[in-house]
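The structure appears right after this line, and notes come after that.
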Amino acid sequence: DAKTTQPNSMESNEEEPVHLPCNHSTISGTDYIHWYRQLPSQGPEYVIHGLTSNVNNRMASLAIAEDRKSSTLILHRATLRDAAVYYCILREPSNTGKLIFGQGTTLQVKP
Amino acid sequence: DAGVIQSPRHEVTEMGQEVTLRCKPISGHDYLFWYRQTMMRGLELLIYFNNNVPIDDSGMPEDRFSAKMPNASFSTLKIQPSEPRDSAVYFCASSLYPVLDTGELFFGEGSRLTVL
Numbered sequence: 016d017a018k019t020t021q022p023n024s025m026e027s028n029e030e031e032p033v034h035l036p037c038n039h040s041t042i043s044g045t046d047y048i049h050w051y052r053q054l055p056s057q058g059p060e061y062v063i064h065g066l067t068s069n070v071n072n073r074m075a076s077l078a079i080a081e082d083r084k085s086s087t088l089i090l091h092r093a094t095l096r097d098a099a100v101y102y103c104i105l106r107e108p109s110n111t112g113k114l115i116f117g118q119g120t121t122l123q124v125k126p
Numbered sequence: 349d350a351g352v353i354q355s356p357r358h359e360v361t362e363m364g365q366e367v368t369l370r371c372k373p374i375s376g377h378d379y380l381f382w383y384r385q386t387m388m389r390g391l392e393l394l395i396y397f398n399n400n401v402p403i404d405d406s407g408m409p410e411d412r413f414s415a416k417m418p419n420a421s422f423s424t425l426k427i428q429p430s431e432p433r434d435s436a437v438y439f440c441a442s443s444l445y446p447v448l449d450t451g452e453l454f455f456g457e458g459s460r461l462t463v464l
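Top line first, the protein sequences correspond to chains R and C.
For any residue, its number in our numbering is found by taking its place in the first sequence, counting from 1, and adding 15.
For any residue, its number in our numbering is found by taking its place in the second sequence, counting from 1, and adding 348.
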C-alpha cells in the first residue's frame with residue numbers, strides 16, 4: 016500500500032472549521048483515499064472516502080488535490096466530540112480486503 | 349443492529365496462559381478483520397476472512413496466534429501461550445462488501461488484553 020504522511024497533532028477551537036491534511040505523493044491512479052477516526056477508548060469509525068472528486072457527507076468533506084498527491088479532510092464546525100485520532104489511508108482497488116492504518120493525526124478541540 | 353460485538357472487553361492473565369477473544373460480526377457482513385493496537389506499533393491488521401475463509405493471515409505475529417471463523421456469526425482469536433508483549437487492544441471489524449466498494453469497516457469496541 017502507498018504511504019501517507021499526516022501531522023502528528025493539530026489543535027482547533029470549538030465551532031470553527033478544521034482542515035486535516037494528508038500527503039500521499041506516491042499514490043497510484045487507482046488508489047482510493049479513505050479517512051477513519053478513533054475516539055478515545057473506542058474502535059475506529061469510518062468518516063469518508065473518495066477517488067478523484069471532492070466528497071461530502073454528514074460528517075465531513077474530503078477535498079482531493081487535482082494531482083491526487085494530497086487530500087484534506089474538512090470538519091466544518093468542530094465540536095468537542097470531534098477530538099480523536101484521524102487516519103488517512105490509501106487502498107488499492109485490487110486489494111479487496113485490507114485497510115492499513117498509519118499513525119494518524121491527533122486532533123484536540125478546545126472549548 | 350447491535351454492531352460488532354467483542355468479548356471480553358478486558359482480560360488480565362498471566363504469562364503462559366491461553367487467551368481466547370471472541371467476535372460477533374454484524375449480521376449479513378461477509379468480511380471479518382482482526383486488528384491489534386499498541387502505542388508502539390499503532391493499528392496492525394492481523395488476519396481477515398471472507399465468507400468464513402481466511403484470506404490473508406500475513407499479519408499474524410507468530411504461531412502462538414490463531415484465528416478461526418466456524419460460522420458467519422462468530423470468530424475467535426486465540427493466543428497460546430500468551431506473553432507480556434501480547435498486551436494490546438484487539439479489535440474486530442466487519443464489512444458487507446469488499447472495503448473498496450463501500451469504504452466502510454465497522455469496528456467493535458475492542459478487547460483490552462493485559463498479560464502479566
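Ideal Cβ placement from N, Cα and C applies to all residues, glycine included.
Because the structure is a prediction, the values reported are computed rather than measured.
Cα-Cα separation between residue i and residue j, rounded to whole angstroms
i	j	result
Q123 of chain R	A98 of chain R	5 Å
V463 of chain C	Q365 of chain C	9 Å
T386 of chain C	R52 of chain R	16 Å
M25 of chain R	A93 of chain R	12 Å
F381 of chain C	N28 of chain R	35 Å
S355 of chain C	L425 of chain C	11 Å
I427 of chain C	S375 of chain C	26 Å
V367 of chain C	G407 of chain C	18 Å
Whether residue i touches residue j by CB criterion (8 Å)
i	j	result
G119 of chain R	G456 of chain C	no
K84 of chain R	H39 of chain R	yes
R370 of chain C	A436 of chain C	no
P429 of chain C	R412 of chain C	yes
Cross-chain neighbours of residue i in chain R, by beta carbon under 7 Å
i	result
Y438 of chain C	Under the 7 Å cutoff, chain R gives no residues; its nearest Cβ is about 10 Å from Y438 of chain C.
L453 of chain C	Y61, L114
G458 of chain C	G58
Bridge partner(s) assigned by DSSP for residue i
i	result
Y396 of chain C	C:F381, C:D404
L425 of chain C	C:L369, C:A415
E359 of chain C	C:L461
T386 of chain C	C:G390
Per-residue contacts from residue i into chain C (C-beta, under 8 Å)
i	result
A55 of chain R	Sequence inspection shows Pro at residue 55 of chain R; the Ala mentioned does not correspond to that position. Those within 8 Å of P55 of chain R in chain C number zero; the least Cβ separation is about 12 Å.
Contacts of residue i in chain R (Cβ-Cβ under 8 Å)
i	result
D405 of chain C	The premise fails here: D405 of chain C is roughly 12 Å from chain R at the closest Cβ pair, so nothing lies under 8 Å.
L461 of chain C	By Cβ distance, chain R contributes nothing, its closest Cβ being about 15 Å from L461 of chain C, past 8 Å.
L425 of chain C	Simply none; closest approach about 15 Å.
Residues that residue i contacts on chain C, provided the C-beta gap is smaller than 7 Å
i	result
Q118 of chain R	G390
Residues in the segment 356-370 of chain C with C-beta within 8 Å of chain R's C-beta atoms, listed in sequence order?
none
Members of the segment 16-45 of chain R near chain C, C-beta cut-off 7 Å:
Per Cβ criterion, the list is empty.
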